[in-house]
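Note that this note's numbering gives residue 112 to position 112 of the sequence shown, counting from 1, and the numbers run on in steps of one. Written out below as structure tokens is the structure these notes cover.
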Amino acid sequence: MKLNLGSSDAHIPGWVNVDRVPPADRIVDLSAAWPWGDSTVETIRAYDVIEHLPDKIHTMNEAWRVLVLGGILDIEVPTTDGPGAFQDPTHVSYWNRNSFLYYTHGDPHRERFGAAYGITARFRVLNAKIIDHFGIPKLRIQLETIK
């Protein structure tokens, strides 16, 4: 299964298009427990969605939980390196490249603070780059699930 989180009307054929409002295939509140079972999802595409979710640890833990070993979490998010992260009043969490250190297997931040913070997610960074989106810098990062 492949999930397109925060799909709005940008549906991807062959994927489960997920949003909190129609016209998504599945209407889901991603700030609550996700409805998919453990290790049932191959790929998650989360473009312009995680900044709307209030609990970073919950978001990353749930993505990790539902992804299979070697599954891919593909994220695009406005980075705090530019104004886009802060301009939208519905953005409630803020991200940059270093935000993902706490979820990266083997990183000192993950190893030192992970258990104390309730972080179960473990990923390996496959690719991370800043892209320009109409003058707004966004972080595009692909993570591979480690279990």
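The C-beta atom is built at its ideal place from N, Cα and C for all residues, glycine as well.
Range covered by the alpha helix (DSSP H) that runs through threonine 59 = Per DSSP, the continuous alpha helix (DSSP H) segment holding threonine 59 begins and ends at 56-66.
Does the distance from the CB of arginine 124 to the CB of histidine 109 come in under 8 Å?
-> Against a cut-off of 8 Å, the Cβ pair of histidine 109 and arginine 124 comes out as no contact.
Closest to serine 99 by CA distance: which of Gly70, Ile44, Leu143 and Lys147 is it?
-> Just measuring C-alpha positions, the residue of Gly70, Ile44, Leu143 and Lys147 sitting nearest serine 99 is Leu143.
Just curious, the beta strand (DSSP E) that alanine 85 is in, first and last residue?
-> Residue range 84-87 is occupied by the alpha helix (DSSP H) that includes alanine 85, with no beta strand (DSSP E) assigned at that position.
Among Trp15, Pro23 and Thr59, which residue has its Cα nearest to the Cα of glutamate 42?
-> Distances from the CA of glutamate 42 to each of Trp15, Pro23 and Thr59 were compared; the closest alpha carbon is that of Trp15.
Counting pairs of Cβ atoms below 8 Å between the region 11-29 and the region 56-66, do you hit three or more?
-> The answer is no - the region 56-66 does not touch the region 11-29, with fewer than three Cβ pairs under 8 Å.
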